[in-house]
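**Q** Sharing a structure here in structure tokens format.
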Amino acid sequence: MANKKCLVACAGSGKTTFLVSEVWEQYRNDSVIFVTFTITNQKNISDKIIEKYGFHPSKIKVMGWYEFLFKFFILPYKADVIPALNGKSISLCFDSDYTKTYTTKDGKTFSKYKKDDKKKKYFTQTWGLHKDLVSEFACECLATNKDSVARRLNESANIICFDESQDFGETDFKIIHLICRNFKGAVLIATDPRQYIYSPSKYHGKNGGKIHQFIANKVNTKRHEYVTIDETSLSYSHRCNAEICKLASLVFPDEPLTQECKCPHCATRRMEYFSIKGVFAVKESDIERFIEQFSPLSLIHSRRETLTLIGKYMTIGDSKGTESDIVLLYPTEDMAKFVFQDRSTLLKPQTKSKLYVSVTRARHCIGIVYRQKYRFSNDLIPFWNNTYIKI
Ligand SMILES: [Zn+2]
557 MANKKCLVAC AGSGKTTFLV SEVWEQYRND SVIFVTFTIT NQKNISDKII EKYGFHPSKI
617 KVMGWYEFLF KFFILPYKAD VIPALNGKSI SLCFDSDYTK TYTTKDGKTF SKYKKDDKKK
677 KYFTQTWGLH KDLVSEFACE CLATNKDSVA RRLNESANII CFDESQDFGE TDFKIIHLIC
737 RNFKGAVLIA TDPRQYIYSP SKYHGKNGGK IHQFIANKVN TKRHEYVTID ETSLSYSHRC
797 NAEICKLASL VFPDEPLTQE CKCPHCATRR MEYFSIKGVF AVKESDIERF IEQFSPLSLI
857 HSRRETLTLI GKYMTIGDSK GTESDIVLLY PTEDMAKFVF QDRSTLLKPQ TKSKLYVSVT
917 RARHCIGIVY RQKYRFSNDL IPFWNNTYIK I
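If you want it as structure tokens, here you go:
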């Protein structure tokens, strides 16, 4: 059985760089498919391929998840699910507010389609496939064509790499199951479960984001380990220093630690940095001065927040993929309680992910805004002393 791995990564561990390097080192002359979720990351992968190879080899295909599903699962088999699709072309319909049901004025909920009406369930009048149902429809196509799908994949690639795999939802898992069990080539699945913030689809299920657990429990069996779960290769952060990693690890005590990378490159970069380092509480009255001295990237919970913001800022959700030497976080009340007073404060899964993502955007320093209105004290992290002068 070829090499199949699920790499559980921490923030800043260089997932994408690692995948491209693995391909370069072990599968240089092979046909490769890279799959990821966002257009930004498709570009990021292509850039890294060009950096390594000097050009983009035609044997390496980079595609989005929907494109992958269309190409290998949907287009060849769509008429097996809905015969009327024979010879018809279909498109992707980006109606992110689509729902399978509707609610009447008196609060009753009804399905928008009859149980067996697949056309109405999945498609618009003009054969647009609802975005949130793409993988469900792909699974319908797969159901009667498993061998054929596997054959097409085997003919098309020697290795398939999935980046940002924490964005897979429960319906996507069936597809991953087939690939892990029936694809003959190698598979690399890189995931950072702690960075699962917004599910791309509302039909993601409660286990969305936990592809590594799905593989451990449902793909692998007692007798056969189809995929090796690797929790060590990507547990070092090239981005965050030790203090930041420590705080980030505390947010997810049950996941592997996020650790500072000590490679010569990272050590030199940290040595050459001379401004403020560490984790600080920043009093409301000090915000302006903090921003003036350090020009941090400010992170806010939502655009609706009423703040007098100065300098660069973005929402935590949008900040995935960015980094900055210094970050100033405006925490939600739950996050603040966890950070400043009580590390056993129970946080909702999404709040945990958002806190983890915010903290790990910072390379050298994170300031966390401490507000007067909190009914709890700050017992856990030092206040930023505004007499600090930038060297
Ligand atoms: Zn490093």
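Just so we're aligned: 909 in the numbering used here is position 353 of the sequence shown, and the numbers increase by one with no gaps anywhere. C-beta: ideal position from N, C-alpha, C; glycine also. Because the structure is a prediction, the values reported are computed rather than measured.
1. Quick check: what's the CA-CA separation for Pro639 versus Gly684?
2. What does a CB cutoff of less than 8 Å around Asp898 pick up in its chain, not counting 5 residues either side in sequence?
3. Looking only at its chain, what residues have a beta carbon closer than 7 Å to the beta carbon of Ile605, apart from the 5 residues adjacent to it on each side?
4. Within 10 angstroms of the Cβ of Ile947, are there 16 or more other Cβ atoms? Answer buried if so, exposed if not.
5. For the structure I just gave you, are there three or more beta carbon pairs, one from the stretch 702-715 and one from the stretch 665-680, closer than 8 Å?
6. Please name the residue or residues paired with His857 in a DSSP beta bridge.
7. Look at the alpha carbon of Met619 and the alpha carbon of Thr700, and state the distance between them as a whole number of angstroms.
8. For Arg826 and Lys676, what's the separation of their Cα atoms in angstroms?
9. What residues sit near ligand 1, counting only those whose C-beta is closer than 7 Å to one of its heavy atoms, in chain order?
10. Report the partner residues of Met870 according to the DSSP bridge assignment.
11. Any chance the stretch 736-754 sits against the stretch 783-803, with 3 or more Cβ pairs inside 8 Å?
12. Give the C-beta separation of Leu734 and Cys717 to the nearest angstrom, bearing in mind that I take them to be a contact with Cβ-Cβ under 8 Å.
13. Round the Cβ separation of Ile872 and Leu855 to the nearest angstrom and send it over; I've been treating them as touching at under 8 Å.
14. Indicate whether Val838 and Ile937 have their beta-carbon atoms separated by less than 8 Å.
15. Classify Leu903 as helix, strand or coil using the three-state DSSP reduction.
16. Return the CA-CA distance between Ala565 and Leu902, expressed in angstroms with no decimal places.
17. Here's a check: name, in chain order, each residue in its chain whose Cβ is nearer than 8 Å to the Cβ of Trp580, leaving out the five neighbours to either side.
18. Is the Cβ-Cβ distance between Trp940 and Phe846 less than 8 Å?
19. Between Gln582, Ile843, Thr572, which lies nearest to Val883 when the distance is taken from Cα to Cα?
**A** Result, derived from the coordinates:
1. 16 Å
2. Phe932
3. Val576, His612, Ile616
4. The pLDDT assigned to Ile947 is 48, lower than 50, so where the model puts this residue is not dependable; a value taken from the coordinates is nonetheless given after this. With fewer than 16 other Cβ atoms within 10 Å, it is exposed.
5. no
6. Paired residue(s): none; His857 is not in a bridge.
7. 25 Å
8. 57 Å
9. Tyr792, His794, Cys817, Cys819, His821, Cys822
10. Leu855
11. yes
12. Contact doesn't hold; Cβ gap of about 16 Å is too wide.
13. 5 Å
14. no
15. coil
16. 24 Å
17. Listed in chain order, the non-local C-beta contacts of Trp580 below 8 Å within the same chain comprise Lys608, Tyr609, local neighbours out to five positions each way being set aside.
18. yes
19. Ile843
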